[in-house]
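Here the structure comes first, spelled out in structure tokens, and everything after it is commentary.
Residue numbers (this note's numbering): 743 to 1150.
Following this line, the structure appears as structure tokens:
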């Protein structure tokens, strides 16, 4: 079927009563074919995304230096000079060149040999809370701070995988995911690490097959009552922590076997939470249920301690109802609530529709056909700043640990 055929076709007509065969033979393949067409339009060159480029002013901001010092530092440290795009036009720098600049000029604590990378999980068992958007945005920002990052997509929906430029199920299968580890076929996750379009951001992708873990884990428990089902992911991640500064994990929207594994493997937890009444109520149930599950796991109550836990408010509206729930969240969680929040934004929603995050954008139209609102400088800053602040906070927390370990 050609692209034109897909565009002019409609979903197959079916009887109002729908069988599994109807779904398998009609709805599912048509939807997947059209998704391939959408991807070929949005991701150039197909099927990969392209990283952003940066101006000299962007580089200076990332490095925290005066732009006027750049010529001197370019010579002294043999740093990239950028590329002239035309007569009289400013130079542009690639993402890779930007990271070289950041690493060369950074005063951040560096993780030394003997100090392992740290693991941060983004978790909430309610969907639609911007969990995936937040996790991949923080992963991208950490690379722009000079860190080497691994993003593990544990959500069978594979949204983080999509945002990294891969097509779940079409390009990603069983052997690319955490499943061989979960099923006992692999002892570490080295086999599953993929490169992405974004320098220093690596991915362990996901696809629909990952849902099989929710059946595979209890099946193993039936044959071995002493099977430590909660520690599978932790054991698979640990050997990778010499290779990465930070491992970011996106969890499924459920307190499942996979999520329990993620929370046990994590050194820190961030809960993205929109200030809406149902989301707030769901968040309290999440912590209660997690505590009850953890209490039943041998030695976990005595040994497990997190570097930090934060509540990160997302999709924040300026309504009185939203402000009221923000008050509830602050009273319920106190100092755990991160002081910066992400406002609700049609611009960000449009960017996600184009499979882009805030760090893929730079004050440009997020939808070239003009249907989406233009991203002004103010809108861009309002969306980027809370993510910058959260990434800075996470890096500072982990840097303190690395500094203490270096001093011992």
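Even for Gly, the Cβ is constructed at its ideal location relative to N, Cα and C.
Nothing here was measured: the structure is a model prediction, and the numbers come from that model.
Could you please give me the residues that DSSP links to residue i through a beta bridge?
{"i": "residue 945", "result": "893 and 936"}
{"i": "residue 700", "result": "Outside the displayed range of the chain (743 to 1150) lies residue 700, so it cannot be described from this structure."}
{"i": "residue 1014", "result": "1054"}
{"i": "residue 1085", "result": "1058"}
{"i": "residue 796", "result": "835"}
Whose C-beta lies closer than 6 Å to the C-beta of residue i among residues of the same chain, with five residues either side of it excluded?
{"i": "residue 1140", "result": "860"}
{"i": "residue 816", "result": "823"}
{"i": "residue 892", "result": "944, 986 and 989"}
{"i": "residue 1043", "result": "1037"}
{"i": "residue 867", "result": "995, 996, 997 and 1028"}
{"i": "residue 1059", "result": "1086"}
{"i": "residue 895", "result": "902, 903, 947, 948 and 992"}
{"i": "residue 839", "result": "822"}
{"i": "residue 981", "result": "930"}
{"i": "residue 925", "result": "958"}
{"i": "residue 1084", "result": "1056 and 1128"}
Using a 10 Å radius around the Cβ and a threshold of 16 neighbouring Cβ atoms, would you call residue i buried or exposed?
{"i": "residue 1013", "result": "buried"}
{"i": "residue 929", "result": "exposed"}
{"i": "residue 1142", "result": "exposed"}
{"i": "residue 1063", "result": "exposed"}
{"i": "residue 904", "result": "buried"}
{"i": "residue 788", "result": "Unreliable positioning characterises residue 788 in this predicted model, as indicated by a pLDDT of 43, which lies under 50. The coordinate reading is nonetheless provided below. Flag for residue 788 reads exposed."}
{"i": "residue 791", "result": "buried"}
{"i": "residue 1038", "result": "exposed"}
{"i": "residue 814", "result": "exposed"}
{"i": "residue 942", "result": "buried"}
{"i": "residue 916", "result": "exposed"}
{"i": "residue 887", "result": "buried"}
{"i": "residue 1006", "result": "buried"}
{"i": "residue 1057", "result": "buried"}
{"i": "residue 831", "result": "exposed"}
{"i": "residue 812", "result": "buried"}
{"i": "residue 1030", "result": "exposed"}
{"i": "residue 963", "result": "exposed"}
{"i": "residue 875", "result": "buried"}
{"i": "residue 1113", "result": "Residue placement at residue 1113 cannot be trusted, given a pLDDT of 42 that sits under 50; the coordinates are not used to answer."}
{"i": "residue 873", "result": "buried"}
{"i": "residue 934", "result": "buried"}
{"i": "residue 757", "result": "In this prediction, residue 757 scores a pLDDT of 46, lower than 50, which makes its location untrustworthy; no coordinate-derived value is stated."}
{"i": "residue 881", "result": "buried"}
{"i": "residue 900", "result": "buried"}
Give the secondary structure of residue i by DSSP, where H, G and I count as helix, E and B as strand, and everything else as coil.
{"i": "residue 882", "result": "helix"}
{"i": "residue 849", "result": "coil"}
{"i": "residue 832", "result": "coil"}
{"i": "residue 1079", "result": "strand"}
{"i": "residue 771", "result": "helix"}
{"i": "residue 1035", "result": "helix"}
{"i": "residue 826", "result": "strand"}
{"i": "residue 807", "result": "coil"}
{"i": "residue 910", "result": "strand"}
{"i": "residue 929", "result": "coil"}
{"i": "residue 916", "result": "helix"}
{"i": "residue 1141", "result": "helix"}
{"i": "residue 1003", "result": "helix"}
{"i": "residue 1049", "result": "coil"}
{"i": "residue 814", "result": "helix"}
{"i": "residue 1109", "result": "Note that residue 1109 scores a pLDDT of 43, beneath 50, so its modelled location is shaky; the value from the coordinates is reported in the next line. The answer is coil: DSSP assigns residue 1109 none of H, G, I, E or B."}
{"i": "residue 841", "result": "helix"}
{"i": "residue 1043", "result": "helix"}
{"i": "residue 922", "result": "helix"}
{"i": "residue 976", "result": "helix"}
Counting only the same chain and skipping the five closest in sequence on each side, list residues whose C-beta sits under 7 Å from that of residue i.
{"i": "residue 883", "result": "1101, 1129, 1130 and 1133"}
{"i": "residue 805", "result": "843, 844 and 847"}
Can you list, in chain order, the residues of its chain whose CB lies under 8 Å from that of residue i, leaving out five sequence neighbours each side?
{"i": "residue 794", "result": "837, 1101, 1102, 1103 and 1104"}
{"i": "residue 835", "result": "795, 796, 797, 798, 800, 801, 822, 824, 825 and 843"}
{"i": "residue 1087", "result": "1121, 1124 and 1125"}
{"i": "residue 807", "result": "815 and 847"}
{"i": "residue 1015", "result": "866, 871, 1021, 1022, 1025, 1053, 1054, 1055, 1056 and 1071"}
{"i": "residue 1147", "result": "854, 856 and 857"}
{"i": "residue 976", "result": "1003, 1006 and 1007"}
{"i": "residue 1051", "result": "1010, 1011, 1012, 1013 and 1078"}
{"i": "residue 1162", "result": "One cannot answer for residue 1162 here, as it falls past the ends of the chain, which runs 743 to 1150."}
Does chain D have any CB closer than 8 Å to the CB of residue i?
{"i": "residue 1077", "result": "Included in the structure is just one protein chain, with no chain D present."}
Three-pair Cβ contact test at 8 Å for the region 838-848 versus the region 804-822: Yes, the region 838-848 is in contact with the region 804-822.
Three or more C-beta pairs below 8 Å linking the region 853-868 and the region 953-964: With the cut-off at 8 Å, the region 853-868 and the region 953-964 do not touch.
At least three beta-carbon pairs within less than 8 Å, the region 1066-1073 to the region 1008-1022: The region 1066-1073, when compared against the region 1008-1022, does touch it at the 8 Å Cβ threshold.
Inter-stretch contact (C-beta, 8 Å, three-pair minimum) for the region 897-911 and the region 1034-1048: The region 897-911 makes no contact with the region 1034-1048; the number of CB pairs closer than 8 Å stays below 3.
contact_flag[the region 1118-1127, the region 981-992] where n(CB pairs < 8 Å) is 3 or more: With fewer than three CB-CB distances shorter than 8 Å, the region 1118-1127 does not count as touching the region 981-992.
Three CB pairs or more closer than 8 Å across the region 862-881 and the region 845-854: No: the two stretches stay apart, fewer than three of their Cβ pairs being nearer than 8 Å.
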